[in-house]
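Following the working numbering, the numbering of the sequence shown begins with 13 at its first residue and continues without gaps. No residue lacks a Cβ here, since even glycine has one placed at the ideal position from N, Cα and C. None of the values given here were measured: they were computed from a predicted structure.
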Amino acid sequence: MSPNEETIDEVFRLARRADHQKLRLRLHDDATWRPAPTAKWKDCETADEVVRTLLWRAEANRLRPGQMIDVGDRVLVELRGKRLDRLGAKGFVPRLFQIFVVRDGKVASIQDYGRRKEAYGAAGLSA
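Here you go:
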């Protein structure tokens, strides 16, 4: 597992444990989170909002990382969990993808994608 993938894995582990303080230390102060275009929740503009959303998603939706692909400073993550359709996932079997930007071992931003093709394109990969 790459250092960036280990960072993402730890972020999800801390969110599941609801460890606010340690989770906040894994995020840059200017961290942001953009939902999938079809999701019904607003962008997170501060690291504290990102922490609250990570904790809520870890609890309510039991989100956890699945397959991860390290692409330089970004990590493409296929999420596993419940009710992914509420979070903007699409398809017969809804899937949700995220791209985490990691700088200096901390999360700088998160972007959700409802379709594999969109996420791969944003990561510079072919689906």
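Reduced DSSP secondary structure (H/G/I, E/B, other) of residue i
| i | result |
| --- | --- |
| ARG38 | coil |
| LEU66 | helix |
| LYS102 | strand |
Burial state of residue i, where buried means 16 or more other Cβ atoms lie within 10 Å
| i | result |
| --- | --- |
| GLN79 | exposed |
Whole-Å CB distance - residue i paired with residue j, under 8 Å assumed
| i | j | result |
| --- | --- | --- |
| VAL7 | ASP85 | One cannot answer for residue 7 here, as it falls past the ends of the chain, which runs 13 to 139. |
| LEU141 | ALA48 | Since the first residue shown for the chain is 13 and the last is 139, residue 141 is missing from the structure and cannot be characterised. |
| ALA43 | ALA59 | 4 Å |
Separation of residue j from residue i, as counted between CA atoms
| i | j | result |
| --- | --- | --- |
| ASP31 | VAL23 | 10 Å |
| GLU61 | ARG128 | 26 Å |
| GLU117 | PRO15 | Just to set this straight, residue 117 is Gly in the shown sequence, not Glu. For GLY117 and PRO15, the distance between alpha carbons rounds to 7 Å. |
- Message: With three or more C-beta pairs closer than 8 Å as the rule, is the stretch 129-136 touching the stretch 30-44?
- Response: no
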